[in-house]
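Trainee: Here it is, the structure, as C-alpha cells.
Given below as C-alpha cells:
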C-alpha cells in the first residue's frame, strides 16, 4: 500500500518537543536500539526487552543493549513499567522518533483511487463525504476518525438593529449568499431608535463585503480610531453586536466522530481500559476538541499531538494526527488557499504513524477538492 521513502517532518506537522534530548546526543548504537524499541512497541503495544532487540538484528549482547536502554531512560526517552523488565517509549520519546526517525511512505495509486471512490460516490453530498471520510479513517487507522465541518463564510451585505423592547433588540444580518440570520442581543439603557439607526448605518458602511471573522479583527481597530465621531451609545451598541456575533461560531460548527468502538479493541489491560474510558470523556468535550482542530487549521500540513502536547488528551495519553482541508481558489477571493475545516485520527499514543499520516493527508486533500 505504501511506497517508502524518508520524510522530514516540519515543525508545522509536529507538536512541541519540550525535552533537551535530541538525536545529536545519541551515537549510532543508541539510535538503532531506540528505533527498535519504538517500532516494536508501536507494532505490539508491549514493553520491549533486550533479548527481543538482540533477536531483531542488533548485533550486540543483551547486556550491552540493556545498558544503552538505561541511558535512553535517563534522557527521558524510555520508561520501565512496574510489571515488566522491558522498556516503553515515553511520549517524549515518541515525539523524537516521529520528528527524526520515522519513515513515511506515499500512498500507492490503488490506495488513492480507493479513497477517492469512497468520498466521491455518485450523488454523494459533501456532508455524506465527511461522514464517510471519518468512518473510513477510523477503520483504516484503528482509532476514532474526526472531522470538523467547514465554516462557510460569506460577506455581510446588510445589517439592521430592530428594537423589540427597551431591553432587547434583534440584529438582522443579510449575507452575500442570500442567507439571513436573526440574533437577539440585550440593549443598554439609552438605546433610542436614532441610536439603533446610527449603529446600523455605520456597520453597513464599514462591514459590507467583509466576513464576520474579518470584521471582528478589523472593525474593532477602526471603531477605536473613529469613536469620537459616533454617539457613545451607538459605539457601545456596535461593540456589543460584534461580541454577540463572535460567540456563534463554535456552536454552528459540527464535529463528526466515528469509530469509538475501535478504541476498545486495543485494550490489553485494566490500565488500557482506563485510558480508553478517559479518551471517551475527552471526545465529548466539543469546544475543547474544536479548539484543538482550530490549531490544526493554522498548519501547512499534517499536525501531530502526542500525550501532554494537547491539553485535552493529556490525561488519557492519546495521540492526534490531523490535517486541514482547504479550497485552492475560493469563490470571490483574491488571496491564496482558504482553510475550511480539519480532519484526523485520535487514538492511543502507539498509533501507526507511518501509515496514518499519509492517509490523513490525502483524505484532507480530497475533501478540499470536493469543495471547489
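Numbering (this note's numbering), first residue to last: 12 to 383. C-beta atoms are modelled at their ideal positions from N, C-alpha and C, and glycine is treated no differently.
#1: So is residue 59 buried or exposed if we call it buried at 16+ other beta carbons inside 10 Å?
#2: If you compare alpha carbons, which of 53, 294, 67 and 137 is closest to residue 101?
#3: Using the three-state DSSP reduction, which class does residue 329 fall into: helix, strand or coil?
#4: Which residue wins for smallest C-alpha separation from residue 170, given the options 193, 81 and 155?
#5: Can you find a CB in chain E that lies within less than 9 angstroms of the CB of residue 244?
#6: Apply the 10 Å Cβ neighbour rule to residue 191 and answer buried if 16 or more other Cβ atoms are within range, or exposed otherwise.
#7: CA-CA distance, residue 98 and residue 249?
#8: Between the region 353-371 and the region 147-154, are three or more C-beta pairs nearer than 8 angstroms?
#9: Using the rule of at least 16 other Cβ atoms within 10 Å of the residue's Cβ for burial, across every protein chain shown, is residue 208 buried or exposed?
#10: Under a Cβ-count criterion, where at least 16 other Cβ atoms within 10 Å of its own Cβ denotes burial, should residue 262 be classed as buried or exposed?
#11: Does the beta-carbon distance from residue 155 to residue 357 come in below 9 angstroms?
#12: Just the C-alpha distance for residue 43 and residue 188, rounded to the nearest angstrom, thanks.
#13: Between 292, 302 and 105, which lies nearest to residue 84 when the distance is taken from Cα to Cα?
#14: Helix, strand or coil: how does DSSP classify residue 90 here?
#15: Per DSSP, what kind of secondary structure is residue 212 in: helix, strand or coil?
#16: May I ask you to report which of helix, strand or coil DSSP gives residue 135?
#17: Go through its chain and collect everything with a Cβ distance to residue 321's Cβ below 7 angstroms, but skip five positions before and after it.
#18: Cα-Cα, which of 46, 135, 179 and 379 is closest to residue 349?
#19: Can you name the start and end residues of the alpha helix (DSSP H) that residue 103 belongs to?
#20: Measure from the alpha carbon of residue 351 to the alpha carbon of each residue in 363, 86, 377 and 359, then state which is nearest.
#21: Report all residues from its chain with a CB closer than 7 angstroms to the CB of residue 69; omit the five preceding and five following residues, and keep chain order.
#22: Taking 6 angstroms as the limit between beta carbons, can you name the residues of its chain near residue 293, skipping five residues before and five after?
#23: Measure the C-alpha to C-alpha separation of residue 284 and residue 123 and round it to an integer number of angstroms.
#24: Using the Cβ count rule (16 or more neighbours within 10 Å means buried), how would you classify residue 173?
#25: Just how far apart, CA to CA, sit residue 165 and residue 226?
#26: Less than 8 angstroms between C-beta atoms, sequence neighbours within five positions excluded: which residues of the same chain meet that for residue 34?
#27: Work out the CA separation of residue 219 and residue 185 for me, nearest whole Å.
#28: Answer yes or no: do residue 223 and residue 256 have a C-beta to C-beta separation smaller than 9 angstroms?
Mentor: The answer reads as follows:
#1: Counting Cβ neighbours within 10 Å, residue 59 comes out buried, since at least 16 surround it.
#2: Of the candidates 53, 294, 67 and 137, the one whose C-alpha sits nearest the C-alpha of residue 101 is 53.
#3: Residue 329 falls in the strand class under three-state DSSP.
#4: Selected option, being the one with the closest Cα: 193.
#5: Although the question refers to chain E, the structure presented lacks it and comprises just one protein chain.
#6: With fewer than 16 Cβ atoms within 10 Å of its Cβ, residue 191 is classed as exposed.
#7: Taking the Cα positions, residue 98 is about 60 angstroms away from residue 249.
#8: Short answer: they touch.
#9: By the neighbour-count criterion, in which a residue is buried when 16 or more other Cβ atoms sit within 10 angstroms of its Cβ, residue 208 is exposed.
#10: For residue 262, the predicted model reports a pLDDT of 49, less than 50, meaning its position is unreliable; a value from the coordinates is still stated below. Exposed: under 16 other Cβ atoms inside 10 Å.
#11: Between residue 155 and residue 357, the C-beta gap is smaller than 9 angstroms, which places the two residues in contact.
#12: So the two alpha carbons sit approximately 58 angstroms from each other.
#13: Ranking 292, 302 and 105 by Cα distance to residue 84 puts 105 first.
#14: Residue 90 falls in the strand class under three-state DSSP.
#15: Residue state for residue 212 is assigned as helix, using DSSP reduced to three classes.
#16: For residue 135, the three-state secondary structure derived from DSSP is coil.
#17: Same-chain partners within the cutoff: 303 and 331.
#18: For residue 349, the closest C-alpha among the options 46, 135, 179 and 379 is that of 379.
#19: Secondary structure note for residue 103: its alpha helix (DSSP H) is the uninterrupted segment 102-111.
#20: Nearest of 363, 86, 377 and 359 to residue 351, Cα basis: 377.
#21: Listed in chain order, the non-local C-beta contacts of residue 69 below 7 angstroms within the same chain comprise 43, 44, 47 and 76, local neighbours out to five positions each way being set aside.
#22: Once the five neighbours on either side are set aside, the close Cβ partners of residue 293 are 323, 324 and 327.
#23: Distance between the alpha carbons of residue 284 and residue 123 is about 34 angstroms.
#24: Exposed is the call here.
#25: Taking the straight line joining both Cα atoms gives about 12 angstroms.
#26: Around residue 34, the same chain offers 42, 107, 111 and 112 as residues with beta carbons nearer than 8 angstroms, after the five sequence neighbours per side are excluded.
#27: Going from the Cα of residue 185 to the Cα of residue 219 covers about 10 angstroms.
#28: Judged by their CB atoms, residue 223 and residue 256 are nearer to each other than the 9 angstroms cut-off.
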